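Enquirer:
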Amino acid sequence: MQEKNEFGYKKGTRKDLYCQLLLKGIYSKPEILKAVKEKFGSASGNAFNFFLRDLRLSGYTIISAPILKLVPKKK
3 MQEKNEFGYK
13 KGTRKDLYCQ
23 LLLKGIYSKP
33 EILKAVKEKF
43 GSASGNAFNF
53 FLRDLRLSGY
63 TIISAPILKL
73 VPKKK
C-alpha cells in the first residue's frame with residue numbers, strides 16, 4: 003500500500019504536490035501549475051480547481067484571496 007500525506011492523498015502524485023506547494027506558501031495558481039507541469043509534464047487548471055473542491059468537501063477550509071501579479075504592458 004502506498005504511503006499517504008497528511009491530507010490523505012498518495013505521496014508522489016499531483017495532489018500531493020499541490021498540498022506541498024500550498025503548505026510552502028505558494029498560493030498563486032499559475033505558479034502551482036508551472037511547478038506541476040515541470041514535474042509531471044502537463045498541468046490542468048481544471049484539475050487544480052477540482053482538487054480545491056475535494057479539499058473543501060473533506061472539511062478543510064480554504065481561504066482564497068486574489069493574488070495580484072504585475073505583467074508588463076504589450077507594446
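Sequential numbering from 3 applies to the sequence shown in the numbering used here. The C-beta atom is built at its ideal place from N, Cα and C for all residues, glycine as well. Keep in mind that this is a model prediction, so the values were computed, not measured.
(1) Which residue comes first and which comes last in the alpha helix (DSSP H) that contains G47?
(2) Suppose you measure from the CA of R58 to the CA of E8; what does that come to, to the nearest Å?
(3) If contact is defined by three or more beta carbon pairs under 8 angstroms, each pair taking one atom from either stretch, is the region 37 to 50 in contact with the region 60 to 67?
(4) Could you pull the start and end residues of the alpha helix (DSSP H) that F9 belongs to?
(5) To which residues of the same chain is K13 closer than 7 angstroms at the C-beta, ignoring the five residues directly before and after it?
Expert: Taking the definition as stated:
(1) G47 to L59
(2) 15 angstroms
(3) no
(4) Element bounds for F9: n/a, residue is neither H nor E.
(5) Q4, E5, K6 and N7
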